[in-house]
């Protein structure tokens, strides 16, 4: 098949590169293979980071009725290069009272964990850089280290704004980690595996040739996807959940005392984290690298993956362009009173769907379960205050 | 290659543990403690116990280390201060270490070779947890729920 050649071109390229080492000891080949994976991953995602950073500003500009960057290169596309050079030649300022070592290590740790999380996502057919049995668990285990890095940044800076920002960030990350993980559980339960490759394989079929068996097409999957996406939004500290770095309140949160390239590292880690969480959402709910329709399978798998990833990233930018910042107590209430019960409901609905034979009846029943809990929650949590007529008081 | 990895991880873990015990600033000690956890997780990976290693990272770095750091932050006023060296702690540590070494040396080595173990998959662990070990699992769940409710009760009645 000619489509297969294009689909597997990167795998072939890697095998060709490794064939130069034929005859070398096993461990050299192993290490080289891992290094190739790492370089490919870094190359792709740092390029994507550069692209997204300029595209985000362009799209935001478009939404806010202005031009956005358009001076450097065609359509302002070389803006990231200019930004990168600017960041590199800026002075690196470390506060005199800062804890030097912790202050220095925080951006490294945060970037490292963000990049590590990218490793377990299947980017295409046979294209998982680091295929392990407990891939989903690895993702969350590595992701949970971010909290410690944020704390190090906040504490190491020895600045109250940094510390407040770090506290806010950790509070909301811990709270939303729970719905984030619980919404992946129904998928793991239905597939019966923790490995991302198995999860993608389980979504490979089509009904009638044009309805993909992605989990987002089931009621529990759709609900879990929305919950997962919102939790991912919080985990990556994006608007409307950007209280940790609310620049009108606490300067830039845990990044206040960072300048130059260290600040850029934080910025990059935030975007890489966003890519990772969107990539996981694509893997879990949107069928990974599978085509949406059977006849479109001739298009290489990695193109589908990155198309879905870009669609999700666009929604991230879109939300940033349209929503105001949420208050911290609202964020917390929303996490514990709505997200968590809904996440548990998804597990229940997935069980109903599974044990009713994964057919239409199960589909409708699981929709009913979700609808009942959703309506009950929205009645219970209705906190609209019945305001009395407002009385105005003036200074005499 | 495995023994090289073992030695490297052992050096890292021991150095971090030593730093955790001897660094004058509490936060530094807590962060070194987190590095120790990473070392232990790496040992699990080296032994092929992937799942345990991941849970080690997840629970001990993602939760316990953050908890320790926050406890220090919220309970001490002199976080940044230089505490003196704690000789009593050293004595206790040496006593515990001596006891462990004594126990290890007294143990008879196994006369039979260890049977070959099959590769442990996450699926297998899940099955065992849900069949043979379902009671311990339920008990742990109960304890955690009790802890959650306890935490809620502690913070709830603020207004009265």
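Protein chains in written order, with our numbering: chain A, 369 to 764; chain Z, 20 to 179.
For each residue, glycine too, the CB sits at the ideal point set by N, CA and C.
Taking 8 Å as the CB-CB cut-off, is residue i touching chain A?
i: residue 142(Z); result: yes
i: residue 81(Z); result: yes
i: residue 62(Z); result: no
i: residue 85(Z); result: yes
i: residue 73(Z); result: yes
i: residue 70(Z); result: yes
i: residue 153(Z); result: no
i: residue 40(Z); result: no
i: residue 18(Z); result: The question about residue 18(Z) has no answer here: the residues shown for chain Z are numbered 20 through 179.
i: residue 172(Z); result: no
i: residue 162(Z); result: no
i: residue 115(Z); result: no
Quick check: the Cα distance between residue i and residue j, rounded to an integer number of angstroms?
i: residue 537(A); j: residue 515(A); result: 8 Å
i: residue 543(A); j: residue 34(Z); result: 33 Å
i: residue 450(A); j: residue 591(A); result: 41 Å
i: residue 66(Z); j: residue 41(Z); result: 29 Å
i: residue 488(A); j: residue 469(A); result: 30 Å
i: residue 438(A); j: residue 638(A); result: 24 Å
i: residue 64(Z); j: residue 24(Z); result: 11 Å
i: residue 562(A); j: residue 554(A); result: 11 Å
i: residue 156(Z); j: residue 557(A); result: 17 Å
i: residue 476(A); j: residue 518(A); result: 11 Å
i: residue 583(A); j: residue 589(A); result: 5 Å
i: residue 565(A); j: residue 70(Z); result: 17 Å
i: residue 150(Z); j: residue 686(A); result: 47 Å
i: residue 413(A); j: residue 406(A); result: 11 Å
i: residue 606(A); j: residue 130(Z); result: 60 Å
i: residue 665(A); j: residue 596(A); result: 27 Å
i: residue 783(A); j: residue 593(A); result: In the structure displayed, chain A extends from 369 to 764; residue 783(A) sits before or after that span and is not available.
i: residue 427(A); j: residue 493(A); result: 31 Å
Give a yes or no on whether the minimum CB-CB distance between residue i and chain Z is below 8 Å.
i: residue 603(A); result: no
i: residue 565(A); result: no
i: residue 710(A); result: no
i: residue 501(A); result: yes
i: residue 596(A); result: no
i: residue 538(A); result: yes
i: residue 370(A); result: For residue 370(A), the pLDDT reaches just 49, beneath the cut-off of 50, and the residue's location in the model is therefore unreliable, although a value from the coordinates is still provided. It does not; no Cβ of chain Z falls within 8 Å.
i: residue 562(A); result: yes
i: residue 506(A); result: yes
Could you work out which residues of chain A lie near residue i, taking near to mean beta carbons separated by less than 9 Å?
i: residue 146(Z); result: Per Cβ cutoff of 9 Å: no residues; residue 146(Z) is ~10 Å from chain A at best.
i: residue 65(Z); result: Within chain A, no residue comes near residue 65(Z); the closest Cβ sits about 14 Å away, beyond 9 Å.
i: residue 122(Z); result: Under the 9 Å cutoff, chain A gives no residues; its nearest Cβ is about 32 Å from residue 122(Z).
Just to make sure I have the definition right: I need the residues of chain A whose C-beta is within less than 8 Å of the C-beta of residue i. Which are they?
i: residue 13(Z); result: There is simply no residue 13(Z) to check, as chain Z begins at 20 and stops at 179 in what is shown.
i: residue 76(Z); result: 509, 510, 512, 513
i: residue 159(Z); result: What residue 159(Z) touches in chain A: nothing, since even the nearest Cβ is about 17 Å away.
i: residue 50(Z); result: 470, 516, 520
i: residue 59(Z); result: Residues of chain A passing the Cβ test: none, with the nearest at roughly 13 Å.
i: residue 109(Z); result: Result: empty, since nearest Cβ-Cβ is about 24 Å, beyond 8 Å.
Mind listing the chain A neighbours of residue i? Cutoff is C-beta to C-beta under 7 Å, in chain order.
i: residue 35(Z); result: Simply none; closest approach about 13 Å.
i: residue 53(Z); result: 516
Taking the alpha-carbon of residue i as reference, which of the options has the nearest alpha-carbon?
i: residue 734(A); options: 605(A), 474(A), 587(A); result: 587(A)
i: residue 402(A); options: 419(A), 391(A), 420(A), 382(A); result: 382(A)
i: residue 462(A); options: 663(A), 631(A), 418(A); result: 631(A)
i: residue 700(A); options: 472(A), 540(A), 570(A); result: 540(A)
i: residue 704(A); options: 429(A), 550(A), 404(A), 480(A); result: 550(A)
i: residue 386(A); options: 691(A), 559(A), 398(A); result: 398(A)
i: residue 145(Z); options: 495(A), 502(A), 597(A); result: 502(A)
i: residue 696(A); options: 641(A), 617(A), 452(A), 372(A); result: 617(A)
i: residue 424(A); options: 440(A), 445(A), 471(A); result: 445(A)
i: residue 512(A); options: 147(Z), 94(Z), 164(Z), 80(Z); result: 80(Z)
Cβ closer than 7 Å: which chain Z residues qualify as neighbours of residue i?
i: residue 480(A); result: The contacting residues do not exist; residue 480(A) stays about 11 Å from chain Z at best.
So which residues on chain Z does residue i lean against when the C-beta distance must stay under 9 Å?
i: residue 423(A); result: Near residue 423(A) there are no residues of chain Z at all, since even the closest Cβ is about 32 Å away, more than 9 Å.
With a cut-off of 8 Å, do at least 3 Cβ pairs link the segment 520–532 of chain A to the segment 678–691 of chain A? no
Contact between the segment 423–438 of chain A and the segment 651–661 of chain A (3+ Cβ pairs under 8 Å): no
Three or more beta-carbon pairs under 8 Å between the segment 39–53 of chain Z and the segment 84–96 of chain Z, yes or no? yes
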